[in-house]
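What follows is a single structure, written as structure tokens, with notes after it.
Residue numbers (this note's numbering), protein chains in the order written: chain B, 14 to 362; chain G, 8 to 109.
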């Protein structure tokens, strides 16, 4: 068991639109033996106390955030709630936990929560972001995606998408919803909440930080390139469908990439357009670095890069971008222009 | 502090070279500054390694200390007095021109 101030606590975000079934899924997950050392933070919103009552069985490990919306008070409340919970664990006031699930409000944008975990000095060394799990209702999911930008954003940033209430919807409707979600977020792993074989603990336990699961995770990201291959011009694949203005596309580079040039480009892009870039996930072939480098980020926040032991297939840079209101061709042109700069400067000694 | 930086002080940033060794870190910082200056020059700015940080200076003499690449752009926009947008077609064209001159 980890926790304390040693190993960082893995933080999972559980999000999904109003009434999608987040709490039902959470109850089910928390009943699994592999997730017994999991603490929960829930956000009191709307029907006050309803969610709290449903997860009350998690006893002392439940902490209610005092204010209504996580996003608006993220820096203070979330920091204090996580810090307070970890302080209680250190003092032995609550059982040690190695994982923390934050259940967001139905209208939450997960990005500010991610930013707080990464940027907040009192937290960043003690927590690490695990999977973002988004629950989408099979009955109302398509309607919500069409009508509410919050639902789109929650699906677009997800690492795992759980389609709930599948027993209440027709198979055709579920298939249509899943196709739509896959077009919106081709890197996510899909589960149906009624599938016993789906090993629901894998929603939380297996992520890109996990050495055993990292390669499989990255393979799924890379599959997005071919599953969405709409070869418009060589290296540039754009999803045919539009979801509002959210689109998934893949940037590639056949030659090894200079890390400094890539960092320069991505930091400049995120500084100006970070709020429009919902997810970036990819595998980079970095000049002078033998092993492939995994890069991923949520809006302005980029995670610390990780290495894979070996290439899952060919050694080639591929970066999946899920963005809103950005023209993929322009992003690709910018990407290529910046990578082309490095031949102008001397390589590091 | 911007969300991207995620940094107070001088802790590691994601843009630090993932293959860097302690010995190569100084050379890596110099390389990053050289690469950054090809673009910062378009905005009249220059980045210089300074101890384990960088200084970012404009032509009028205004300058600021930044810890890493992530912190460069908000500061650059303040010093330059205009957005530094990599998706601005005019900026892309000039970067393409710079790359073609290699």
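Heads up, the beta-carbon is just placed ideally off N, CA and C, and yes, glycines get one too.
Pick helix, strand or coil for residue i, following the three-state DSSP scheme.
| i | result |
| --- | --- |
| residue 69 of chain B | Only weak support is given to the placement of residue 69 of chain B: the predicted model assigns it a pLDDT of 35, under 50, and the value that follows is read from those uncertain coordinates. Three-state DSSP puts residue 69 of chain B in a helix. |
| residue 150 of chain B | strand |
| residue 128 of chain B | helix |
| residue 297 of chain B | strand |
| residue 46 of chain B | helix |
| residue 56 of chain G | strand |
| residue 349 of chain B | helix |
| residue 177 of chain B | strand |
| residue 33 of chain G | helix |
| residue 29 of chain B | strand |
Taking the straight line between their C-alpha atoms, what separation do you get for residue i and residue j?
| i | j | result |
| --- | --- | --- |
| residue 97 of chain G | residue 198 of chain B | 31 Å |
| residue 306 of chain B | residue 319 of chain B | 6 Å |
| residue 282 of chain B | residue 78 of chain G | 13 Å |
| residue 41 of chain G | residue 355 of chain B | 9 Å |
| residue 196 of chain B | residue 57 of chain G | 46 Å |
| residue 224 of chain B | residue 150 of chain B | 32 Å |
| residue 44 of chain G | residue 50 of chain G | 10 Å |
| residue 202 of chain B | residue 118 of chain B | 22 Å |
| residue 135 of chain B | residue 184 of chain B | 47 Å |
| residue 345 of chain B | residue 264 of chain B | 6 Å |
| residue 182 of chain B | residue 152 of chain B | 6 Å |
Applying a beta-carbon distance threshold of less than 7 Å, which residues of chain B neighbour residue i?
| i | result |
| --- | --- |
| residue 92 of chain G | 285 |
| residue 76 of chain G | 276, 277, 280 |
| residue 22 of chain G | 276, 280 |
| residue 81 of chain G | 284 |
Rank the options by C-alpha distance to the C-alpha of residue i and give the top, closest one.
| i | options | result |
| --- | --- | --- |
| residue 102 of chain B | B:29, B:172, B:22 | B:22 |
| residue 324 of chain B | B:105, B:46, B:155, B:297 | B:297 |
| residue 128 of chain B | B:311, B:206, B:117, B:225 | B:311 |
| residue 102 of chain G | G:48, G:87, G:79, G:89 | G:48 |
| residue 404 of chain B | B:317, B:344, B:337 | In the structure displayed, chain B extends from 14 to 362; residue 404 of chain B sits before or after that span and is not available. |
| residue 165 of chain B | B:38, B:289, B:301, B:345 | B:289 |
| residue 300 of chain B | B:273, B:152, B:144, B:147 | B:273 |
| residue 107 of chain B | B:98, B:113, B:190 | B:98 |
| residue 88 of chain G | G:23, G:20, G:52, G:37 | G:52 |
| residue 141 of chain B | B:112, B:153, B:268 | B:112 |
| residue 51 of chain B | B:100, B:348, B:115 | B:115 |
So with CB distances below 8 Å, who are the chain B contacts of residue i?
| i | result |
| --- | --- |
| residue 42 of chain G | 271, 273, 274, 277, 354, 355, 358 |
| residue 39 of chain G | 273, 276, 277 |
Kindly list, in the order they appear in chain G, the residues whose Cβ is closer than 7 Å to that of residue i.
| i | result |
| --- | --- |
| residue 346 of chain B | 99 |
| residue 30 of chain B | Simply none; closest approach about 24 Å. |
| residue 350 of chain B | 99, 102, 103, 106 |
| residue 260 of chain B | None at all; the shortest Cβ gap to chain G is about 14 Å. |
For residue i, go through chain C and note every residue whose CB falls closer than 9 Å to its CB, in chain order.
| i | result |
| --- | --- |
| residue 63 of chain G | No chain C appears in this structure, whose protein chains are B and G. |
Name the chain G residues whose beta carbon is nearer than 9 Å to that of residue i?
| i | result |
| --- | --- |
| residue 91 of chain B | Ordered by position in chain G, no residue passes the 9 Å Cβ test against residue 91 of chain B, which lies about 14 Å from the chain. |
| residue 337 of chain B | Within chain G, no residue comes near residue 337 of chain B; the closest Cβ sits about 13 Å away, beyond 9 Å. |
query: Taking any Cβ of chain G, which residues in the stretch 262 to 279 of chain B have a Cβ under 9 Å from it, in chain order?
result: 271, 272, 273, 274, 275, 276, 277, 278, 279
message: If the cut-off is 9 Å on Cβ atoms, which residues from the stretch 311 to 342 of chain B count as contacting chain G, listed in chain order?
response: 312, 313, 314, 315, 316, 317, 318, 319, 320, 339, 340
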